[in-house]
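Just so we're aligned, residue 81 is where the sequence shown starts under my numbering, counting upward by one.
Glycine is no exception: its CB is placed at the ideal position from the N, C-alpha and C atoms.
A quick write-up on the structure given underneath.
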Amino acid sequence: MNVRCCPGRLSGLLLLLLALLLPGSLMAAELRIQSDTILRGFERDPGTGVDEAVIPGYEYLRIDAGSLTEPGLSVHLYGWGRADFADNNFYEDTTAGEVLYGYLQYRQDDYGLLARLGRQQLFAGVSNEAIDGLSLAADVGELARVSVYAGQPVGLDSTNGRDGDSIYGGRVGLSLMGHGELGLSYKEVDNDSATAEQMAGIDLSLILPGGIGLYGTSVRNLETDGWAEHSWELQIDHGAWRLRPLVSIFEYSDYFGTGANAVNPFRFLATTGEKITSYGADLTHRGEVWTFGGKVRSYNYDQAGDNRYYAAMVSWHGADNTEIGGEFGIMDGDTDRTGYAQGRVYAYVDGLRGQYWLDFISADLLAVRYDRSIYGEDSSFFASLGIGRSFFDGRVILKASGDYSQDPYFDEDLRAMLTLTYLYDSGQ
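Rendered as C-alpha cells:
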C-alpha cells in the first residue's frame, strides 16, 4: 500500500501501540468504531483510447477509545485505504491509503484544558491545517481562551525530507461578555527552513439585540504585506424572516501568494493579479412546513468580467428528515461559461420503515441551459437516485446510489456507489 506520508502512518501505529500500553483504565473505558466500506463504479479512458470499467473500493475506519464523554485521556484514529479492483492503470497506484488523523487527547474541565499529541486537523482562526505535532487550548479567566500549536505540516512536499519543515501558531479568543467573541490568530509555515506562509487574521462573532448578528473574518498575508481575504455577513432575524447581507473580497496575489509552499496547487494564480469582490443577500421565510427564499449575488472580477446570480428557492418539510424542494436561478455573466439558467429539484423521503423495505429514498435533478454553447453543447443534465436501510438497531447501514450526467465535458457519465457502514459503541 502506498501511503502518501510514511511518518503519518508510523505516528498512527505508534499511537495505537501507546494506547495498548496505557493503564487498563483507558482501554476499559469507552470504545467507538465506525467503518465505512465504499465500492464505486464508473467508466474512464485510462490512456488506451477505450473506455474501461474503474472499480475502486475504499475503507474509512475511525476508532475512538478512552474517556470520550468524561474528562480524561483518550486516543483517536481515522484513516482510509483504497484498492482498484479493475487494475487497469487508471490510478497511478493500484492501492493507496493515508492516516488522516491519529492523536492522543487529554481533556480536563479545569480551565477547559484540551491537549492533543499526534496527527490532527487544526481549526484556529487563519489555521485550517493538518499537522503532526502538539496543540494546547485553555481558558484564561472568564474573558479569553488561548490555543497554540506546533509541529510539522502534513501537506508539504519536500525533496529534502521533513527536516526544516515546521508549522506553529495560535489564536486568542476574547469574550464579548455574552455577546460573542473576537479572535486574533497567527500562523507560520516553513518548508525546508524557508518561510512558506505567514498569515495573521481577525474573526468576529457579535450578537446584538433585536435578533441581529455580525460574523466575519479578515486575513492578512504578512509575506506580501497585503489583505488576502475579507468575508463578512450580517444576519437579521425578525419572526420567521431572515435577511443575510454579505460581502467577500479575495486578492489573488495575497491569498495564493505564499513563499516556499510547494504543495499549493494554485500558486500560479498569485501572478494573475486577479481580485474578486462578491456581495449580495439572502432572504428566507421559514414556516412550520414551507420555506421560501431568494438570493442575489454579484461577482466582480478585475480581469475576468462580472457575473450576477439571481435565484428563488422553495422547500417543504415533512416528518422526520423528509424534505422536498427546488431552486431556479439565472447567472448573467460576461463569458460563455458564466451565462446560464438552471433549475434543480430534490427530494429526501425519510421514515419509510414499517411501510416499505427501505428507510429512505433520495433524488436530485439538475438541468442547465447555457446562453452560448460550450464545446458544441448548450445544456447539461444531472440526475441522482439513492436508497438506504439500517439493520441491527442502526448499527449496520446499507446505502446505494447512482448518478447520471450529460454536459459539455462528458457525452455521458454513469456512476454507481454502494456503502456499508458499521457502528459500534461500547456505551450502548
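query                                                                                                                            : result
Cβ neighbours of residue 319 in the same chain (closer than 7 angstroms, five flanking residues each side left out)              : none
Residue 360 versus residue 330 - alpha carbon distance                                                                           : 15 angstroms
Separation of residue 401 from residue 431, as counted between CA atoms                                                          : 8 angstroms
Nearest neighbour of residue 176, chosen from 468, 116, 159 and 112 [CA to CA]                                                   : 159
Close beta carbons around residue 468, own chain, < 6 angstroms, minus the five adjacent residues each side                      : 439, 440 and 479
DSSP three-state assignment for residue 320, whether helix, strand or coil                                                       : coil
Nonlocal neighbours in the same chain, by C-beta distance under 7 angstroms from residue 209, ignoring five residues either side : 202, 233 and 247
Where the alpha helix (DSSP H) containing residue 362 begins and where it ends                                                   : Residue 362 -> not in any alpha helix (DSSP H); beta strand (DSSP E) instead, spanning 355-366.
Minimum length 3: unbroken beta strand (DSSP E) runs contained in the stretch 246-272                                            : 246-255 and 260-271
Cβ separation of residue 448 and residue 459, assumed to be a contact under 8 angstroms, to the nearest whole Å                  : 6 angstroms
Spatial neighbours of residue 219 in its chain, beta-carbon cut-off 6 angstroms, leaving aside the 5 residues before and after   : 191, 192 and 225
Within 8 angstroms, strictly: CB atoms of residue 411 and residue 398                                                            : no
Below-8 angstroms beta-carbon distance, residue 184 vs any chain D residue                                                       : As a matter of chain content, chain D is missing from the structure shown, which is built from one protein chain.
Spatially closest choice to residue 323 from 307, 286 and 364, by CA coordinates                                                 : 364
Sequence-distant residues of the same chain with beta carbon closer than 8 angstroms to residue 91, five excluded per side       : Unreliable placement is indicated for residue 91, whose pLDDT of 49 sits below 50; the coordinate value is still reported in the next sentence. The residues are 179, 182, 198, 199 and 212.
Spatial distance of residue 214 from residue 186 (CA atoms)                                                                      : 12 angstroms
Between the CA atoms of residue 309 and residue 381 - distance to the nearest angstrom                                           : 14 angstroms
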